[in-house]
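Residue numbers (the UniProt record's numbering): 1 to 124.
Before any comments, here is the structure.
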Amino acid sequence: MQVPLFREFQKSQEEFERELRQKHPELNESSNPSDVSCLPWHPDTSGITDPNVVADLRTRILALSQHSNTFLLAPPEEAQLGSSSTLSSEQWQLAKMLLEEDPNLAEMRYKLVPSKCVFDFLFV
Numbered sequence: 001m002q003v004p005l006f007r008e009f010q011k012s013q014e015e016f017e018r019e020l021r022q023k024h025p026e027l028n029e030s031s032n033p034s035d036v037s038c039l040p041w042h043p044d045t046s047g048i049t050d051p052n053v054v055a056d057l058r059t060r061i062l063a064l065s066q067h068s069n070t071f072l073l074a075p076p077e078e079a080q081l082g083s084s085s086t087l088s089s090e091q092w093q094l095a096k097m098l099l100e101e102d103p104n105l106a107e108m109r110y111k112l113v114p115s116k117c118v119f120d121f122l123f124v
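What follows is the structure, given as structure tokens:
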């Protein structure tokens, strides 16, 4: 019975994206990849040029989405970026790119939002 569950997930994802675009019209604007932050493992973002190291970094980053505690436990004080609980349009675009890149992240979002946390909190 995986197919009905997958269809339900796809329907929920489409509904979520519609609501997100209604709340944040800036996401409706088509963006040029050079206008948006690159994925965290991309050499332009990470500064790493060795393809093997980039691949390892990508694998490690994507592995973070496999455990719900990654999203539910607060980061250490020194790792917090600030007190803002809202995302900029660049952060929204990065979140969207990460959701497209990482099926585990999309599944985790489906499991955690809104029952355990809000979408913004998932990426802050």
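Beta carbons are placed, not taken as given, at the ideal position from N, Cα and C, and that holds for glycine.
Note that the coordinates shown come from a computational prediction; the quantities given were computed from them, not determined experimentally.
Check                                                                                                                                                              : Outcome
Output needed for TYR110: all residues of its chain with C-beta closer than 8 Å, excluding positions within five of it in sequence on either side, in chain order. : PHE9, SER12 and GLN13
Helix, strand or coil, according to DSSP, for TRP92 in the structure here?                                                                                         : helix
Should GLN22 be labelled buried (16 or more other beta-carbon atoms within 10 Å of its own) or exposed?                                                            : exposed
If you reduce the DSSP assignment to three classes, tell me which class VAL113 lands in.                                                                           : coil
Sorted by chain position, which residues of the same chain lie with C-beta nearer than 6 Å to ASP102's C-beta, five sequence neighbours on each side aside?        : LEU62 and SER65
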